[in-house]
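> Residue 85 in this note's numbering is what sits at position 21 of the sequence shown, and the numbering runs on without skipping anything.
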Amino acid sequence: VFISDINYKGVKKGSESDEYVEVTNDSKATVDISGYSVVDINHHGTVKETVGTTFVFPTPTELTPGKTVKVYTNEIHKESGGFTFKSGSAIWNNKGGNGVLMNRAG
Numbered sequence: 065v066f067i068s069d070i071n072y073k074g075v076k077k078g079s080e081s082d083e084y085v086e087v088t089n090d091s092k093a094t095v096d097i098s099g100y101s102v103v104d105i106n107h108h109g110t111v112k113e114t115v116g117t118t119f120v121f122p123t124p125t126e127l128t129p130g131k132t133v134k135v136y137t138n139e140i141h142k143e144s145g146g147f148t149f150k151s152g153s154a155i156w157n158n159k160g161g162n163g164v165l166m167n168r169a170g
């Protein structure tokens with residue numbers, strides 16, 4: 065399971081609520097990603113020093129083989145998982161974005 069894309073430049077002015085992070089299961093098995101986190105890394109340094117906005121997948125969340133879900137800045141799209149950071153402002157820098165997917169152990 066990995067971050068397969070970060071759409072860091074939303075088209076909705078101001079909030080850029082349509083930004084998203086895409087998480088994909090490239091294995092041949094279903095993976096329980098409940099408690100996994102998507103973390104915005106907003107500076108240089110270690111993950112713990114630079115953590116920005118964080119989204120934690122709720123229980124239960126399973127990704128079947130080949131499945132992709134998206135976590136939007138502040139929109140809900142049921143067809144891509146229905147996940148959102150619920151942020152009222154842009155999360156990702158428009159020149160690029162750095163994100164980390166962490167399992168339950170960190």
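Think of the CB as a built atom: it goes at the ideal place given N, C-alpha and C, for glycine as much as any other residue.
1. Is the CB-CB distance between D69 and Y136 below 9 Å?
2. So, for N138: in the same chain, excluding its five sequence neighbours on each side, which residues have a beta-carbon less than 8 Å away from its beta-carbon?
3. Bridge partners for Y100 per DSSP, in chain order?
4. Can you look up E83 in the DSSP assignment and give me helix, strand or coil?
5. Identify whether K142 lies in helix, strand or coil by the three-state DSSP scheme.
According to the structure shown:
1. Contact flag unset, no.
2. These residues qualify, in order along the chain: S79, S81, T148, F149, K150, S151 and G152.
3. BP columns for Y100 are empty, so no partner.
4. In this structure, E83 counts as coil in the three-state DSSP scheme.
5. Of the three classes helix, strand and coil, the one that applies to K142 here is helix, per DSSP.
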